[in-house]
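What follows is a short report on a single structure.
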RNA sequence: GUCCCCUUCGUCUAGCGGUUAGGACACCGGGUUUUCAUCUCGGCAACAGGGGUUCGAUCCCCCUAGGGGACGCCA
């Protein structure tokens, strides 16, 4: 079994494309088949090397590697033309000299008559000699229907009258997508095509190319679209980000894959899957047939989960190697414990990094912050005095001290805890006070309390 | 407009003729932590509408509505 992911390098890889790639890759792994990559770069104007690199780096971040060298469609132009000419000679395609202007006119009239705008077959039986400047169109069957059994959507069919004679060779001599895709799928011996369901009409066209070329038709699985939270098509305007951006924001690839695969696929009532489990359980036929909306919150849930579950030292190394940490933090002997504490309540690594600034930078005592801090300064003075004697080497001792201090002074925890947290971190939301005192260290704690008392 | 596809809690979904319609996220509440958070327990919440078929429809068929997609000398 051989499948492929075939992006056009005209933009970055976003959520939708990444999901398609993951499904195809997983299907290959689950079936012990081959996963291939083909760049559909037949649009010379819009295809850019920059995007090839970007897509490849996104895929490699996700751990998706092709089993053979990626194929560039443009490198096969000569072959494509040759096959198109062959079709022309066999009478399965024909030369056409209808101008784009006339085409547009025809479409306008068809619209007005409430018909589907399409090429009307004007040159189909004219037998024009193929001259430079003409296009070559594929001869669609005029009767019957084209249908296939989709792995996900089940039977899909269309009346052949709805399909028009589409162009396979442009007037400049270059071959077009629908033609190249079919030819290359044959060449690459693709047995399973997995792509978005926006390709359904292309599939119907391509099946006819397969037939004309007397090739076996691959099996198809059309993935329902991923929609924006508003239910619109995912696009830059609708907030579709380059996958590389998620990496930069500190999403883990495991989270990304788990989220994306669960967007449409289920196995029993399991929510969390290791790569091994995915390969073991994945079955393309269990993919849901309806479109799904992208949910940042669910992605965050998965990321938080993997942040908490991943090996602490590896996570730290990953953060240090891929994100910019301040020298002060890197020199902090308790840095790993700090990360361990913060990851529990963070959705991504950037959030962790933003949170950890207070460990080495004193919080700014702004007006706003000061109004939030409500504490008796004499009490705080006393607390500071006693804190100086505490052994900070042991977190447990700090906890004991806190307990004693509270009960000795007959205080409820929040009376001291709330203002203390604000003074030490500048934030109302932070880890537990004991952890905070321990990880901040005695010197920092005393200094910050002192700083506040002096105001 | 024409054709194709889709329609279960707010969101992702399970269900494949008989279920108290299940799970997860989110949200809300209780408990733990003399702490906001974490953790834990619990709660809220859905079969788009109308016709059939059937003893019985979330499930099968038809219609309507809504959503998405395609309609390029883009891919």
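Numbering (this note's numbering), first residue to last: 565 to 1019.
We put the beta carbon where it would ideally sit given N, CA and C, even for glycine.
What you are looking at is a predicted structure, and each value in this text was computed from that prediction instead of being measured.
Beta-carbon contacts of residue i that lie in its chain and below 6 Å, excluding the five residues immediately before and after
i: residue 871; result: 907
i: residue 814; result: 912, 913, 914
i: residue 807; result: 577, 582, 622
i: residue 670; result: 684
i: residue 863; result: 823
Enclosing beta strand (DSSP E) for residue i [first to last residue]
i: residue 760; result: 756-760
i: residue 541; result: A question about residue 541 goes unanswered here, because the residues of the chain that appear run from 565 up to 1019.
i: residue 603; result: 598-603
i: residue 815; result: First-last for residue 815: undefined, no H or E at that position.
i: residue 732; result: 731-733
i: residue 786; result: 783-787
i: residue 657; result: 657-660
i: residue 699; result: 699-702
i: residue 567; result: 566-569
i: residue 677; result: Unbroken run through residue 677: none, as it is neither H nor E.
i: residue 912; result: It is not in any beta strand (DSSP E) - residue 912 carries neither H nor E in the DSSP assignment.
Span of the alpha helix (DSSP H) around residue i
i: residue 621; result: 613-626
i: residue 878; result: 876-886
i: residue 900; result: 899-907
i: residue 941; result: 941-951
i: residue 861; result: 860-873
Outcome for residue i when other beta-carbon atoms lying within 10 angstroms are tallied against a minimum of 16
i: residue 915; result: buried
i: residue 850; result: exposed
i: residue 910; result: buried
i: residue 801; result: exposed
i: residue 881; result: exposed
i: residue 587; result: buried
i: residue 920; result: buried
i: residue 581; result: buried
i: residue 861; result: exposed
i: residue 828; result: buried
i: residue 610; result: exposed
i: residue 734; result: exposed
i: residue 637; result: buried
i: residue 949; result: exposed
i: residue 672; result: exposed
i: residue 759; result: buried
i: residue 584; result: buried
CB contact flag (residue i, residue j, <8 Å)
i: residue 590; j: residue 631; result: no
i: residue 913; j: residue 894; result: no
i: residue 773; j: residue 648; result: no
i: residue 990; j: residue 928; result: yes
i: residue 963; j: residue 935; result: no
i: residue 755; j: residue 565; result: yes
i: residue 594; j: residue 846; result: yes
i: residue 923; j: residue 1003; result: yes
i: residue 739; j: residue 645; result: yes
i: residue 768; j: residue 727; result: yes
i: residue 700; j: residue 777; result: no
i: residue 663; j: residue 698; result: no
i: residue 889; j: residue 917; result: yes
i: residue 1017; j: residue 945; result: yes
Cβ shell of residue i (< 7 Å), same chain only, five flanking positions each side left out
i: residue 842; result: 590, 825
i: residue 685; result: 729
i: residue 810; result: 820
i: residue 771; result: 710, 712, 781
i: residue 885; result: none
i: residue 961; result: 954, 955
i: residue 987; result: 937, 1012, 1013, 1016
i: residue 805; result: 578
i: residue 892; result: 924
Close-in-space but distant-in-sequence residues of the same chain around residue i (CB under 8 Å, 5 per side omitted)
i: residue 791; result: 797, 798, 855, 856, 857, 858
i: residue 1011; result: 926
i: residue 597; result: 565, 566, 567, 591, 755, 756
i: residue 879; result: 871, 903, 907
i: residue 752; result: 566, 568, 600, 602, 635
Distance cut-off 7 Å: residue i Cβ against heavy atoms of the ligand ZN
i: residue 749; result: Questions concerning the ligand ZN fall outside what the structure shown contains, since it holds no ligand whatsoever.
request  = Decide yes or no for the touch test of the stretch 706-722 against the stretch 737-748: beta carbon pairs closer than 8 Å, at least 3 of them.
outcome  = Output reads no: the stretch 737-748 does not touch the stretch 706-722.
task = Please determine if the stretch 972-987 and the stretch 931-940 are in contact, where contact requires at least 3 C-beta pairs separated by less than 8 Å.
result = Contact holds: three or more Cβ-Cβ distances are below 8 Å.
message = I'd like to know if the stretch 748-764 and the stretch 691-698 are in contact, where contact means that at least 3 CB-CB pairs between them fall below 8 Å.
response = The answer is no - the stretch 691-698 does not touch the stretch 748-764, with fewer than three Cβ pairs under 8 Å.
query = Are the stretch 617-626 and the stretch 801-821 touching, with three or more C-beta to C-beta distances below 8 Å?
reply = In short, these stretches touch, since the Cβ pair count reaches three.
key: Any 3 or more C-beta pairs closer than 8 Å across the stretch 566-573 and the stretch 604-611   = Three or more beta-carbon pairs separated by less than 8 Å link the stretch 566-573 to the stretch 604-611, which places the two stretches in contact.
Cβ pair count under 8 Å reaching 3, the stretch 778-791 against the stretch 696-711 = Cβ pair count under 8 Å is below three, so no.
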